[in-house]
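K.L.:
In my numbering, the protein residues as written are 518 to 719.
(1) Do residue 649 and residue 716 have their CB atoms nearer than 8 Å?
(2) Within a Cβ cutoff of 7 Å, which residues of the same chain sit near residue 552, ignoring the five residues on either side of it in sequence?
(3) Taking the C-alpha atoms as reference points, what is the distance between residue 541 and residue 705?
(4) Is DSSP giving residue 648 helix, strand or coil here?
(5) To the nearest whole angstrom, what separates the beta carbons of residue 640 and residue 609, a pair I think is in contact under 8 Å?
(6) What residue does the beta strand (DSSP E) around residue 525 start on, and which one ends it?
(7) Would you call the segment 655 to 662 and the segment 561 to 577 touching, i.e. three or more CB-CB distances under 8 Å?
(8) Within a Cβ cutoff of 7 Å, which residues of the same chain sit near residue 635, ignoring the five residues on either side of it in sequence?
(9) Buried or exposed: which applies to residue 712, given that a residue is buried once 16 or more other Cβ atoms fall within 10 Å of its Cβ?
(10) Quick check on this structure: which residue in 586, 587, 710, 560 has the alpha carbon closest to the alpha carbon of residue 654?
(11) What does the alpha-carbon distance come out to for the pair residue 637 and residue 682?
(12) Going by DSSP, name the residue or residues bridged to residue 604.
(13) Using a Cβ-Cβ cutoff of less than 7 Å, which residues in the same chain neighbour residue 699 once the five nearest sequence positions on both sides are dropped?
(14) What runs of the beta strand (DSSP E), each 3 residues or longer, lie entirely inside the segment 611 to 644?
(15) Would you kindly check if the distance between the Cβ of residue 579 and the Cβ of residue 607 is under 8 Å?
(16) Classify residue 548 as helix, strand or coil using the three-state DSSP reduction.
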């Protein structure tokens, strides 16, 4: 990816420390726990915290990321927790699957602005009718906060952009929140985020 290439993430994930922690994102966990376990896709999954949690709850998880080091960390965490995650090395536009997923989790999946709408549309083809999307990412108001996220405003989100980029979904919940992040050293402190839960109707 032009803004943050694989080498950037490989360097970030190379250390022994889990930069975003080993526990699942709170919003993702809260929404996933309401669903019956099925097939789950996790793009830009990094070190695997959400994938490993979902697998521990009986989900059949497919995850991908551009970082080899992220996959190594995720595989180690899955082994430690005695679960299986199918994890691929792939860019978002290159990802392909014959599977129709029951849910897609997008947790801080900030794709470059020039491909972001295309990326989201590409991913929705893998979601089955009535499938669910769980989303949390940084809002544009996050810019300047030290708690994490891209330093490029174009990679951050507004409600209007979300509605445009996920036009095929029916939003059950869509809100901006000020939260206190405690997800490892990489996500720590007050943060401005957008969260949504949505369903694909066709």
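Glycine included, each C-beta is placed from N, C-alpha and C at the ideal position.
P.N.:
By the coordinates alone:
(1) Taking the chain shown and counting its residues from 1, one reaches residue 649 at position 132. Taking the chain shown and counting its residues from 1, one reaches residue 716 at position 199. Yes, the Cβ-Cβ distance between residue 649 and residue 716 is below 8 Å.
(2) Numbered from 1 along the chain shown, position 35 holds the residue referred to as residue 552. Only 620, 649 meet the Cβ criterion.
(3) In the chain shown, the residue the question calls residue 541 occupies position 24. In the chain shown, the residue the question calls residue 705 occupies position 188. Between residue 541 and residue 705, the C-alpha separation is close to 14 Å.
(4) Position 131 of the chain shown holds residue 648. Looking at residue 648 - three-state DSSP - the assignment turns out to be strand.
(5) The residue given as residue 640 occupies position 123 in the chain shown. The residue given as residue 609 occupies position 92 in the chain shown. With a Cβ gap of about 7 Å, residue 640 and residue 609 count as contacting.
(6) Working through the chain shown from its first residue, we reach residue 525 at position 8. First-last for residue 525: 523 to 530, but that is the alpha helix (DSSP H), not the beta strand (DSSP E).
(7) With the cut-off at 8 Å, the segment 655 to 662 and the segment 561 to 577 do not touch.
(8) Along the chain shown, read from residue 1 onward, the residue named residue 635 stands at position 118. Cβ-Cβ distances below 7 Å link residue 635 to 610 in the same chain, with the five nearest sequence neighbours on each side left out; the list follows chain order.
(9) For the purposes of this step, residue 712 is taken as residue 195 along the chain shown, with counting starting at 1. Residue 712 counts as buried, since no fewer than 16 other beta carbons sit within 10 angstroms of its beta carbon.
(10) In the chain shown, counting from the first residue as 1, residue 654 sits at position 137. Looking at the Cα atoms, 710 is the closest of the given residues.
(11) Position 120 of the chain shown, counted from the start, is the residue given in the question as residue 637. Position 165 of the chain shown, counted from the start, is the residue given in the question as residue 682. Looking at the two C-alpha atoms, the distance is approximately 7 Å.
(12) Walking along the chain shown from the start, residue 604 turns up at place 87. Paired residue(s): 580.
(13) Locating residue 699 in the chain shown gives position 182, where the first residue counts as 1. The beta carbon of residue 699 sits closer than 7 Å to those of 705, all from its chain and outside the five residues before and after it, given in chain order.
(14) Within the segment 611 to 644, complete beta strand (DSSP E) segments of at least 3 residues are found at 618 to 624, given in chain order.
(15) Taking the first residue of the chain shown as 1, we reach residue 607 at position 90. Taking the first residue of the chain shown as 1, we reach residue 579 at position 62. The answer is no: Cβ separation not under 8 Å.
(16) Counting from 1 along the chain shown, the entry for residue 548 is found at position 31. In the displayed model, residue 548 falls within a helix according to three-state DSSP.
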